[in-house]
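Visitor: Structure in structure tokens, see below.
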Amino acid sequence: MNPRTAALGQELSKRPLLGDGATGTQLQAMGLAPGACGELWNTEHPDRVRRVNQLYLEAGSDLLTTNTFGGTSFVLESHGVAGRGRELNLAGARLAREIAGDRAWVLGDIGPFGGMLEPLGETPSEAVAAAFREQAEALIEGGADAILVETMSDPAEAALAVRAAKGAGAGLVLATYTFQKTAVGYRTMMGTNAGDAVAAVIAAGAEVVGANCGTELSLEDYERLTAELVAAAAGRPVIVQPNAGAPRLVEGRICYAESAGEFAAAAPRFLLAGARLVGGCCGSTPAHIAAMAAILKS
400 MNPRTAALGQ ELSKRPLLGD GATGTQLQAM GLAPGACGEL WNTEHPDRVR RVNQLYLEAG
460 SDLLTTNTFG GTSFVLESHG VAGRGRELNL AGARLAREIA GDRAWVLGDI GPFGGMLEPL
520 GETPSEAVAA AFREQAEALI EGGADAILVE TMSDPAEAAL AVRAAKGAGA GLVLATYTFQ
580 KTAVGYRTMM GTNAGDAVAA VIAAGAEVVG ANCGTELSLE DYERLTAELV AAAAGRPVIV
640 QPNAGAPRLV EGRICYAESA GEFAAAAPRF LLAGARLVGG CCGSTPAHIA AMAAILKS
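Now the structure itself:
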């Protein structure tokens with residue numbers, strides 16, 4: 400196992416760790432068009448991607464996430480660059496590794512492949528597993544200390560990604576879902592509850608489990624959801640990275656309502672509920688992470 404990966408696991412047993420915030424939000428503020436392929440910036444505008452990583456490091460993040468959320472060949476194909484998967488993921492990992500140095504750990508980011516698996520959809524599991532493995536191999540080669548499988552809705556897809564990362568040689572895999580609030584509790588888009596969702600990725604080999612995104616969940620919802628995740632995690636560390644409030648369209652722009660102070664004030668409650676890693680997702684900025692750091696590391 401990579402010595403840094405081993406050190407990350409050891410550190411998790413000693414103290415809570417602070418992740419970073421949204422990458423896409425920051426890149427869009429730097430000029431990335433909504434819906435454009437952010438992964439292309441790993442080679443076309445590496446200075447801007449480095450800047451995002453640097454801002455989060457300076458804010459106090461213990462973990463930096465690579466700019467590779469849509470880095471599977473399936474998502475890249477929708478942008479006309481399916482054949483550049485290894486190149487773009489490798490570049491994204493190297494940029495984050497360069498900034499992290501020995502001050503932070505790098506999480507190689509893997510998001511959903513963008514479709515539905517058979518039999519509900521038309522995409523064979525074998526093809527998706529191969530795409531996830533290709534991505535994970537490039538991220539590890541580029542210097543990722545662990546793989547983050549995130550924003551998943553389908554436990555079958557999440558498990559595929561976790562197994563692919565493990566097969567690629569990842570010594571530590573984090574797996575997070577996005578949940579919705581329903582009449583029967585918190586569920587993924589596929590209708591899966593927290594316990595069953597977590598069980599699927601644990602069986603696949605994930606060492607850390609949790610939730611991120613959740614566009615219609617309040618911070619209070621996330622506090623309750625954290626408790627459910629901890630109960631299901633069978634002693635494994637839980638990571639919680641909510642959005643900075645629900646997205647709203649204001650004068651043609653997507654905005655998030657939670658201030659840095661409001662966002663940071665929820666972090667101790669997540670820890671009291673049992674989380675070991677906290678951070679932010681859509682709409683969260685270096686200011687949100689710095690406010691969290693001021694509370695958690697004081």
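Numbering (my numbering), first residue to last: 400 to 697.
Note that beta-carbon positions come from the ideal geometry of N, C-alpha and C, so glycine has one too.
Quantities reported herein were computed from a predicted structural model and do not represent experimental measurements.
1) Return the chain-ordered ranges of every alpha helix (DSSP H) run that is complete within the segment 574-628 and spans a minimum of 4 residues.
2) Check the DSSP bridge columns for Trp504 and list the partner residues they point to.
3) Return the CA-CA distance between Met691 and Met551, expressed in angstroms with no decimal places.
4) Specify, as a first and last residue, the run of the alpha helix (DSSP H) that Ala528 falls within.
5) List the whole-angstrom C-beta distance separating Asp595 from Pro554, where the pair is believed to meet the contact cut-off of C-beta under 8 Å.
6) Counting pairs of Cβ atoms below 8 Å between the segment 451-471 and the segment 506-524, do you hit three or more?
7) Taking just the CA atoms, how far does Leu538 sit from Glu699?
8) If we call anything under 7 Å between Cβ atoms a contact, is His761 one with Ala656?
9) Using DSSP with H/G/I as helix, E/B as strand and the rest coil, what is Pro636?
10) Excluding the five sequence neighbours on either side, which residues of its own chain have a C-beta within less than 6 Å of the C-beta of Asp461, listed in chain order?
11) Out of Pro523, Thr522, Gly437 and Ala602, which one is the CA nearest neighbour of His478?
12) Out of Val597, Leu475 and Ser617, which one is the CA nearest neighbour of Val608?
13) Would you report the Cα separation of Gln640 and Gly679, rounded to the nearest angstrom?
Guide: Straight from the coordinates:
1) 593-603
2) Leu462
3) 25 Å
4) Ser524 to Glu540
5) 7 Å
6) yes
7) This structure gives no information on residue 699, because the portion of the chain shown stretches from 400 to 697.
8) Nothing about residue 761 can be reported from this structure: the residues present for the chain run from 400 to 697 only.
9) coil
10) Leu416, Leu417 and Ala503
11) Gly437
12) Val597
13) 4 Å
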